[in-house]
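Under our numbering, the first residue of the sequence shown is numbered 174, with each subsequent residue one higher. These notes concern the structure reproduced below.
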Amino acid sequence: MSVRAAGIFDLPRVTSYVSAALRDPAWIIGCVLPAPLASGALARWPQLLPGLFPMGSRASVYIDTSGGAVRSAALVHEGSGPEWTFLVLVADPDPAGADGAFRLLSSICALAARRGVQRVFGSVPDEVRARETFFQAGFYSYTRETWYVSAGERLGRPAGDTAGRAARSSDAHDLFRLYASTTPHAVQRAEQLSVQDFDVGRGGHAFGAPHLISGNPLAMRRAGILVERTEERVRSVAVAFRGLERHPHVLKVRTSDGDVDRARDLLRAAAADLPGGRPLGSPVRSYEDHMARALLAEGFKESVTAMLFVKELAVRIEEPALAPVVVR
């Protein structure tokens, strides 16, 4: 058995293997989308092809083979920041497949560490085989996330007077304060976001996968960030991503007050400019109960729950504090 980066000549069998695996939950070890949406958004050759070239792509495909047959495969997003994300990890539904998935995880994390990456993320089905594979590879879980999906009908118009506007660079500090006040410490520790990550003028790294939003970052384009603020602070933020090809549109709303009606208005405002005829998805974490209620009220259906995992490859060392010394 061997682990290696897949090459261009592996495209037919890797595409066939990943497509078949995503149709059966027993094969899925990790996936950033619900299985019913993942096959079209992650397993077709246009999504896998860029990952087979060694240069010029932000994704890579890795395989574990035995006797020439693929036993497990992974599609990894190598982001511009200090983290990588497992978009897909699938393996044969037997002990050899699980062993291959573990080798893939370990080998890819070792490669990431050599390249200076600080964290590796994965979204893992809440199922024993998948959980144990990530635990054994040194990952830990920092929260749960449930996807809510709508069939593609347009949402209605906001019921209230939406006072939101497009986010600006000057909002970065207040957006970070909103994040810090609404996010458990364990999640903040895992994500390691700073004020600069919320600066939309510098790309708004915090608003992309795998942080406030989930999905395949290679198949989404940010449609807009809407902020609602008082005189003192940002009260809520809504982010919309337009899906490419077969990827669903993705919405994310965060509010400071847990107001379900307000969350519904923001969902509608964020979705207003997205093209119709495509599923809408929204990932909701375990500490965002009011968002689940808002989505259900808008006709979304609960799809699948996953555990979000991270492996830290570098540990932040706090700078030593300096105290004044009285010299006699």
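Every residue, glycine too, gets a C-beta built ideally from N, C-alpha and C.
(1) Is L440 near L328, with beta carbons less than 8 Å apart?
(2) Let me know the secondary structure DSSP gives G273 once reduced to three states.
(3) Give the straight-line distance between the Cα atoms of S354 and S429, rounded to the nearest whole angstrom.
(4) Give the C-beta separation of L447 and A413 to the nearest angstrom, bearing in mind that I take them to be a contact with Cβ-Cβ under 8 Å.
(5) Quick one: residues in its chain with C-beta nearer than 7 Å to the C-beta of V290, no 5 flanking neighbours on either side, listed in chain order?
(6) Under a Cβ-count criterion, where at least 16 other Cβ atoms within 10 Å of its own Cβ denotes burial, should A194 be classed as buried or exposed?
(7) For M464, which residues in the same chain have their Cβ closer than 7 Å to its Cβ, ignoring the five residues on either side in sequence?
(8) List in chain order: all unbroken beta strand (DSSP E) runs of 3+ residues lying wholly within the region 275–301.
(9) Since F380 contacts F349 with CB under 8 Å, what's their CB separation in whole angstroms?
(10) Would you mind reading off the limits of the beta strand (DSSP E) that contains P456?
(11) Look at V243 and V176 and say whether their C-beta atoms are less than 8 Å apart.
(12) Excluding five sequence neighbours on each side, which residues of the same chain lie with their C-beta closer than 6 Å to the C-beta of V498?
(13) Mind reading off the beta-carbon distance from V261 to A179? Whole number of angstroms is fine, and I expect it under 8 Å.
(14) Pull up the CB-CB distance for S459 and R317, whole angstroms please, since I reckon it's below 8 Å.
(15) Closest to L351 by CA distance: which of N389, R395, V407, G376 is it?
(16) Which residues bound the beta strand (DSSP E) around H250?
(17) Only counting the same chain, and skipping five residues up and downstream in sequence, which positions put a Cβ closer than 7 Å to that of R501?
(18) Under the three-state reduction of DSSP, which class applies to L391: helix, strand or coil?
(19) Looking only at its chain, what residues have a beta carbon closer than 8 Å to the beta carbon of N389, apart from the 5 residues adjacent to it on each side?
(20) Looking only at its chain, what residues have a beta carbon closer than 8 Å to the beta carbon of C282, apart from the 5 residues adjacent to it on each side?
By the coordinates alone:
(1) Start at 1 with the first residue of the sequence shown, and residue 440 comes out as number 267. Start at 1 with the first residue of the sequence shown, and residue 328 comes out as number 155. Yes, Cβ-Cβ distance for L440 and L328 is below 8 Å.
(2) Against the sequence shown, residue 273 aligns to sequence position 100. The answer is helix: DSSP assigns G273 an H, G or I state.
(3) In the sequence shown, the residue the question calls residue 354 occupies position 181. In the sequence shown, the residue the question calls residue 429 occupies position 256. Between S354 and S429, the C-alpha separation is close to 8 Å.
(4) Counting from one through the sequence shown, the residue named residue 447 turns up at place 274. Counting from one through the sequence shown, the residue named residue 413 turns up at place 240. Sure, about 6 Å apart at Cβ, within 8 Å.
(5) Numbered from 1 along the sequence shown, position 117 holds the residue referred to as residue 290. Excluding residues within five positions, the ones whose Cβ falls inside 7 Å are P255, E256, W257, L486.
(6) As a position in the sequence shown, residue 194 is number 21, starting the count at 1. Flag for A194 reads buried.
(7) Start at 1 with the first residue of the sequence shown, and residue 464 comes out as number 291. Once the five neighbours on either side are set aside, the close Cβ partners of M464 are V426, A436, V457.
(8) 292–298
(9) Your numbering for residue 380 matches position 207 in the sequence shown. Your numbering for residue 349 matches position 176 in the sequence shown. Not quite, the Cβ-Cβ distance comes to about 12 Å (not below 8 Å), so this is no contact.
(10) By one-based count along the sequence shown, residue 456 stands at place 283. Its beta strand (DSSP E) spans residues 453–458.
(11) Here residue 243 refers to the residue found at position 70 of the sequence shown. Here residue 176 refers to the residue found at position 3 of the sequence shown. Their beta carbons are not under 8 Å apart, which means V243 does not touch V176 by this criterion.
(12) In the sequence shown, the residue the question calls residue 498 occupies position 325. Only weak support is given to the placement of V498: the predicted model assigns it a pLDDT of 48, under 50, and the question is left unresolved by the model.
(13) Taking the sequence shown and counting its residues from 1, the one referred to as residue 261 is at position 88. Taking the sequence shown and counting its residues from 1, the one referred to as residue 179 is at position 6. With 8 Å as the limit, V261 and A179 do not qualify as a contact, their Cβ atoms being about 12 Å apart.
(14) In the sequence shown, residue 459 corresponds to position 286, counting from 1. In the sequence shown, residue 317 corresponds to position 144, counting from 1. Yes, S459 and R317 are in contact; Cβ-Cβ is about 4 Å, under 8 Å.
(15) As a first step, residue 351 is located in the sequence shown; it is residue number 178 there, counting from the start. L351 has its Cα closest to that of V407, out of N389, R395, V407, G376.
(16) Here residue 250 refers to the residue found at position 77 when the sequence shown is read from its first residue. Where H250 is concerned, the enclosing beta strand (DSSP E) stretches over 242–251.
(17) Here residue 501 corresponds to residue number 328 of the sequence shown, with the count starting at 1. With a pLDDT of only 43 at R501, under 50, the local geometry of the prediction cannot be trusted, and the value read off the model is given with reservation. Taken in chain order, the list of residues that qualify is empty.
(18) To locate residue 391, count along the sequence shown from 1; it is residue 218. Here L391 sits in helix by DSSP.
(19) Position 216 of the sequence shown holds residue 389. Cβ neighbours of N389 beyond the five flanking positions: V205, L206, A214, L215, Q220, H250, L260, A382, H420.
(20) As a working note, residue 282 is residue 109 in the sequence shown. Only V293, A310, G311, K484, L486 meet the Cβ criterion.
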